[in-house]
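Numbering (my numbering), first residue to last: 176 to 531. Glycine is no exception: its CB is placed at the ideal position from the N, C-alpha and C atoms. Working notes, structure below.
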DNA sequence: AAATCGGGGAG
DNA sequence: CTCCCAGATTT
């Protein structure tokens with residue numbers, strides 16, 4: 176089945192119904208109607224796999240802290256990650272920062288202005304490039320995100336995910352056909368608003384929907400089956416034993432997480448990972464702890480569930496007679512400046528209290 | 001094509 | 001508990 180023969184007539188009907196709905200259901204967002212490519216870029220990166228309500232406070236804080244691309248380029252990666260703390264997918268922040276520096280240093284502060292060059296920016300894929308191209312520059316590129324996929328899957332009755340080449344291509348072609356070439360920004364905004372507010376994953380509000388007369392899923396009562404669910408994968412279980420090592424002066428040892436694992440570039444305490452919940456038999460590498468020193472019971476345990484793993488955290492308090500050498504150490508009251516994974520950040524007040 | 005990369009809210 | 005969110009990148 177192909178949809179390449181969607182008539183301009185049908186596309187027009189789709190657009191009109193869409194615009195009617197969004198006209199009656201306004202949606203306020205800080206970046207709505209924004210033309211400044213920096214702000215559009217930031218909002219789109221920030222909202223990748225992130226709900227609007229979750230990203231909104233981060234966007235506002237980020238813009239206040241880094242109002243333009245120059246400010247972002249001037250900042251350190253640590254400061255940028257600090258603003259990103261708790262939002263997840265930290266490579267987004269790193270790519271954003273690297274690209275900001277590239278724009279300022281190699282492009283004279285000039286933001287890429289055509290789709291192909293926007294697409295070459297780190298962390299920018301087909302969706303984000305289309306969003307920036309249309310919102311910031313008014314270029315006719317259709318966005319294809321989870322919202323659009325869901326709307327089109329139901330409306331046209333397409334029982335496919337976008338995990339495969341063929342499925343992706345099918346939805347791309349469809350979105351391109353439907354796109355309002357005269358007002359690409361308006362169309363892209365409308366179809367995403369509609370998907371987020373009306374054609375929701377669960378319990379869509381079909382009663383208020385102006386597309387339902389043409390909607391395959393509505394007419395055949397297949398709303399619950401479209402789009403097809405992706406199969407969930409089992410989560411990897413991990414156990415992180417964190418050693419909070421402090422000297423009498425309140426200096427605490429920190430380490431930085433490597434690339435190639437969760438939370439790249441964020442800071443944490445020296446750690447030993449074990450296969451199970453049992454206490455580790457060894458001490459964190461690199462930290463000059465007495466190898467046989469008793470560490471006692473964990474002062475805190477916590478758990479963080481990610482989409483692909485579950486991390487159990489165990490915290491041990493270790494008092495050292497003097498400052499550990501050859502380690503990154505920081506005074507307790509400066510630990511706030513270090514971006515940390517949620518499992519550490521959440522209990523910040525607790526272990527700061529413990530250390531003071 | 002499949003795995004990896006976070007965190008949170010809805011149901 | 002499961003599902004999925006203004007996806008991209010690496011394997």
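Where DSSP assigns a beta bridge to residue i, which residues make up the other side?
i, result
"residue 430", "443"
"residue 490", "417, 475"
"residue 423", "BP columns for residue 423 are empty, so no partner."
"residue 227", "In the DSSP output, where bridge partners are listed per residue, residue 227 has none listed."
"residue 506", "426"
"residue 449", "414"
"residue 484", "411"
I believe residue i touches residue j by the beta-carbon criterion, under 8 Å. Please report the beta-carbon distance rounded to the nearest angstrom.
i, j, result
"residue 490", "residue 475", "4 Å"
"residue 369", "residue 193", "6 Å"
"residue 306", "residue 314", "At roughly 11 Å, the Cβ-Cβ gap does not stay under 8 Å, so residue 306 and residue 314 are not in contact."
"residue 354", "residue 514", "Wrong, their Cβ atoms sit about 39 Å apart, outside the cutoff."
"residue 493", "residue 415", "Wrong, their Cβ atoms sit about 15 Å apart, outside the cutoff."
"residue 520", "residue 261", "6 Å"
"residue 215", "residue 371", "At roughly 18 Å, the Cβ-Cβ gap does not stay under 8 Å, so residue 215 and residue 371 are not in contact."
"residue 447", "residue 458", "7 Å"
"residue 225", "residue 365", "Incorrect: roughly 20 Å between the Cβ atoms, too far for contact."
Check each candidate in the options and name the one with the smallest Cα separation from residue i.
i, options, result
"residue 376", "328, 460, 496", "328"
"residue 311", "358, 322, 428, 354", "358"
"residue 281", "519, 225, 303, 244", "244"
"residue 339", "291, 405, 365", "405"
"residue 403", "262, 355, 342", "342"
"residue 445", "461, 455, 434, 435", "461"
"residue 293", "252, 219, 346, 347", "219"
"residue 209", "182, 421, 360", "360"
"residue 507", "428, 499, 500, 432", "428"
"residue 345", "481, 181, 432, 451", "181"
"residue 453", "279, 471, 499, 325", "471"
"residue 486", "458, 457, 500, 516", "516"
"residue 522", "481, 457, 499, 477", "477"
"residue 254", "238, 512, 394", "512"
"residue 500", "457, 426, 276", "426"
"residue 479", "265, 518, 284", "518"
"residue 264", "530, 529, 527, 482", "482"
"residue 186", "238, 348, 463", "348"
"residue 290", "304, 464, 258", "304"
"residue 239", "217, 199, 488", "217"
"residue 356", "527, 190, 200", "190"
"residue 531", "424, 488, 469", "424"
Can you list, in chain order, the residues of its chain with a C-beta nearer than 8 Å to that of residue i? Leave out the 5 residues immediately preceding and following it.
i, result
"residue 351", "317"
"residue 484", "410, 411, 412, 413, 437"
"residue 133", "Here the chain covers residues 176 to 531 and nothing more, so residue 133 does not appear."
"residue 525", "475"
"residue 188", "389"
"residue 529", "419, 474, 492"
"residue 451", "414"
"residue 267", "220, 221, 223, 259, 298"
Suppose the cutoff is 7 Å on Cβ atoms and the five residues either side in sequence are ignored; what does the same chain contact list for residue i look like?
i, result
"residue 241", "247, 250"
"residue 320", "302, 367"
"residue 336", "342, 402, 403, 405"
"residue 273", "297"
"residue 205", "231, 234, 235"
"residue 497", "422"
"residue 380", "373"
"residue 449", "414, 416, 455"
"residue 324", "337, 346, 402"
"residue 396", "none"
"residue 279", "244, 245, 248"
"residue 237", "217, 258"
Among the residues of its own chain, which have a CB less than 6 Å from the CB of residue i, if the five just before and after it don't count?
i, result
"residue 212", "286, 311"
"residue 270", "297, 298"
"residue 503", "429"
"residue 276", "248"
"residue 394", "none"
"residue 363", "309, 318"
"residue 133", "Limits of the chain in this structure are 176 at one end and 531 at the other, which puts residue 133 out of reach."
"residue 252", "272"
"residue 464", "458"
"residue 378", "none"
Item to check | the stretch 441-461 touching the stretch 370-387, judged by at least three CB pairs closer than 8 Å | outcome: no
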